[in-house]
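Asks: Numbering (this note's numbering), first residue to last: 42 to 194.
Quick one: structure below, then a few questions.
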Amino acid sequence: MSAKPSVAPIARRIRDECLASPLRRLSRVVNAIYDEALRPIGLTVAQLNLLAAIAGLDEDATAARIARALEIEKSTLSRDLARLEAGGLVRRREGGREKRLELTARGAKLLEAAVPAWERAQARAAAALPSLPLLARTLREEEPVRRARPECD
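Here it is, written out as structure tokens:
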């Protein structure tokens with residue numbers, strides 16, 4: 042018989058106290074709400090956020106700036122940008138040391154057309170999860186997030 046220690050108490054503690062696990066589940070639930078609303082126009086919430094980031098950064102939209110702004114891995118960004126480019130929604134253009142990203146006319150129209158679906162998803166997510174708007178505001182505050190983020194760069 043093995044003298045292996047029981048890890049069941051550790052597993053229960055992590056299950057009951059871990060902050061990351063419920064946030065990951067929450068993220069999946071909220072993403073599903075937005076993805077369902079955006080599906081009829083052919084976008085996911087990740088793609089919508091990418092289009093909005095490119096439009097919001099305007100002339101300063103580079104892959105590096107977008108990755109930082111959205112806090113996504115460069116590999117994820119590359120994959121998502123390739124899909125948007127293939128769909129004719131985004132294009133790259135020369136702009137100094139780094140290529141600039143911009144919405145095509147089709148991408149801008151789709152971003153505008155997505156607003157009603159996005160608004161429905163916003164309302165549905167807020168109704169289903171009343172504390173979500175407060176959590177989102179807290180996470181948007183740069184200072185607390187910066188202090189909590191591990192030094193990875």
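The C-beta atom is built at its ideal place from N, Cα and C for all residues, glycine as well.
(1) Hey, which unbroken runs of the beta strand (DSSP E) at 3 residues or more fall wholly within the stretch 100 to 171?
(2) Would you kindly work out how many angstroms separate the C-alpha atoms of GLU112 and LYS140, rounded to a whole number?
(3) If distances are taken between C-alpha atoms only, which option among ALA110, ARG109, ALA108, ALA146 comes closest to GLU126?
(4) Quick check: the Cα distance between LEU173 and ALA166, rounded to an integer number of angstroms?
(5) Exposed or buried, VAL156, counting other C-beta atoms within 10 Å across all chains shown (16 or more means buried)?
(6) Assuming GLY128 and LEU92 are in contact, meaning their beta carbons sit under 8 Å apart, how far apart are those beta carbons, in whole angstroms?
(7) From PRO81 to GLU100, what does the alpha carbon distance come to, in whole angstroms?
(8) Can you have a look at ALA87 and say buried or exposed, based on whether 16 or more other CB atoms are within 10 angstroms of its CB?
(9) Nearest-angstrom Cα distance between LEU152 and VAL48?
(10) Going by Cα to Cα distance, which pick from LYS150, GLY97, ARG138, LEU89 is closest to LEU122?
(11) What is the rounded straight-line gap between the Cα of ALA154 and the Cα of GLN163?
(12) Taking DSSP as the reference, what is the three-state secondary structure of VAL86?
(13) Going straight from the alpha carbon of SER119 to that of ARG56, what length do you get?
(14) Taking all protein chains shown into account, decide if ALA102 is buried (16 or more other Cβ within 10 angstroms of its Cβ) or exposed.
Replies: This is what the structure holds:
(1) 131 to 134, 141 to 144
(2) Cα to Cα, the separation comes out at about 19 Å.
(3) ALA146
(4) 8 Å
(5) Counting every other CB atom within 10 Å of its CB across the protein chains shown gives VAL156 a total below 16, marking it as exposed.
(6) Going by Cβ atoms, the distance from GLY128 to LEU92 rounds to 11 Å, so no, they are not a contact pair.
(7) 30 Å
(8) Result: buried.
(9) 49 Å
(10) It is LEU89.
(11) 15 Å
(12) helix
(13) 34 Å
(14) buried
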